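Residue numbers (UniProt numbering): 1 to 298. Backbone N, C-alpha and C define an ideal beta-carbon position, used for all residues, glycine too. No experiment lies behind these values; they were computed from the predicted model shown. Report on the following structure.
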Amino acid sequence: MASARTPLDDLRREIDQIDDAIHDLLMRRAAVVERIGAAKGNGAAETGAQPVFLRPAREATILRRLMARHAGTFPAQVVVRIWREMITAFTRMQGPFAVAVYAPEDRRGFWDVARDHFGGFVPMTAVNTPAAALRAVSEGTATVAVVPYPAEDDSDPWWRFLVSADAGRPQVVARLPFGGRGNARGENRDALAIAAVPHEPTGDDRTLLSIEIGGDLSRGRLKDSLEACGLPPVGFCTWHPAGHATGMSGGGPSVHLVEIADFVGQGDPRLAKLLERSGDIPVRVNVVGGYAVPLALG
1 MASARTPLDD LRREIDQIDD AIHDLLMRRA AVVERIGAAK GNGAAETGAQ PVFLRPAREA
61 TILRRLMARH AGTFPAQVVV RIWREMITAF TRMQGPFAVA VYAPEDRRGF WDVARDHFGG
121 FVPMTAVNTP AAALRAVSEG TATVAVVPYP AEDDSDPWWR FLVSADAGRP QVVARLPFGG
181 RGNARGENRD ALAIAAVPHE PTGDDRTLLS IEIGGDLSRG RLKDSLEACG LPPVGFCTWH
241 PAGHATGMSG GGPSVHLVEI ADFVGQGDPR LAKLLERSGD IPVRVNVVGG YAVPLALG
């Protein structure tokens with residue numbers, strides 16, 4: 001005689017039905033992504049441009065929208081992790097995708113942060129210097145480089161390799177972690193993702209500017225000029241080229257990496273206004289990229 005069905009059996013059957021529905025939706029999403037990849041490829045063939053499969057701004061917008069509608073006891077951080085796995089998997093369906101991570105033996109935390117963001121099955125390579133990660137992107141052996149967030153005490157900063165007016169150069173496209181550190185090992189230092197894709201707005205962004213100064217202009221005066229131009233600075237790193245080591249008050253050529261609390265494109269009129277305010281002091285400004293402000297999930 002068959003045993004009587006219990007309420008627990010009914011609940012398990014409902015779980016199985018939900019799992020099937022989720023799986024069906026994943027397969028449906030994959031089919032739509034394949035169509036998107038084909039459309040991008042066709043558009044690139046018509047224009048001669050390389051198709052862009054990685055869209056960090058779009059990814060951030062998706063996750064913010066989901067977090068705005070999320071409810072219940074299921075952890076929000078886990079929702080982000082699930083979608084991060086999906087996003088990279090679907091991106092890889094459209095074209096090659098690999099990550100080069102600055103992760104020497106004593107800095108393995110960056111590997112964990114990169115894995116959490118790009119997923120557990122994306123090809124990842126550990127390198128011993130940030131410059132090697134950037135070189136992998138420039139040479140095409142990696143799509144994304146993951147490097148430490150800039151620090152003031154970096155004597156030979158990696159970001160100086162991004163100081164260029166070349167529109168096709170790699171640039172900052174994301175800040176990691178985007179949805180919390182999880183159980184990542186190592187120091188509590190964020191990372192930046194670098195890729196040769198456009199810097200796009202999301203509605204809540206930070207922009208990194210490289211500001212090369214060929215004369216005596218103190219950081220304080222530069223900060224005042226930025227604020228007067230509507231470019232609110234929230235962080236500075238300064239590098240003095242070899243042979244020009246000076247104090248932070250100025251006194252010689254310097255290159256500043258300035259984080260701006262806004263989206264700034266290369267043709268933003270505020271940049272032209274900043275150059276006008278510099279007067280006779282040689283100043284060159286480039287957008288080094290930017291990122292969507294990470295989620296605050298507690």
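In this chain, the beta strand (DSSP E) harbouring E212 covers 205–213. The Cβ atoms of V101 and S210 lie no closer than 8 Å to each other. Taking 8 Å as the upper bound for CB-CB distance, D262 and P233 are not in contact here, some 10 Å apart. A direct Cα-Cα distance of roughly 14 Å separates L162 from A136. Residue state for H240 is assigned as coil, using DSSP reduced to three classes. Distance from the Cα of H240 is smallest, within the candidate group P198, P157, L226, for P157.
For P170 against I194, the beta-carbon gap comes to about 5 Å, under 8 Å, which counts as contact. Excluding five sequence positions before and after F53, the CB atoms of its chain that fall closer than 8 Å to its own CB belong to G37, K40, T91, Q94, G95, F97, given in chain order. Of the other Cβ atoms in all chains shown, fewer than 16 fall within 10 Å of the Cβ of F121; this residue is therefore exposed.
Cα atoms of V79 and H117: separation of roughly 12 Å, rounded to the nearest angstrom. Annotation: the continuous alpha helix (DSSP H) that includes R135 extends over 130–139. Assigned with DSSP and collapsed to three states, I82 falls in helix.
Looking at the DSSP output, E259 bridges to L208, G235. Per DSSP, the beta bridge partners of A292 are D205. P148 is bridged by DSSP to A191.
Taken in chain order, the whole beta strand (DSSP E) runs of length 3 or more contained in the segment 66–128 are 99–102, 124–127. Assigned with DSSP and collapsed to three states, Q266 falls in coil, not helix or strand.
For R175, the enclosing beta strand (DSSP E) begins and ends at 171–176. Apart from sequence neighbours up to five positions away, the residues of its chain that approach P201 with a beta-carbon distance below 6 Å are F263, ordered along the chain.
In summary, E34 is exposed, with fewer than 16 beta-carbon neighbours lying within 10 Å of its beta-carbon over all protein chains present.
The C-alpha of G119 is placed about 7 Å away from the C-alpha of T88.
Comparing alpha carbon positions, the residue from G180, R221, P198 closest to P75 is G180. Cβ atoms of R270 and G230 come within 8 Å of each other, at about 5 Å.
Taking a 10 Å sphere around the C-beta of G220, we find fewer than 16 other C-beta atoms and assign the residue as exposed.
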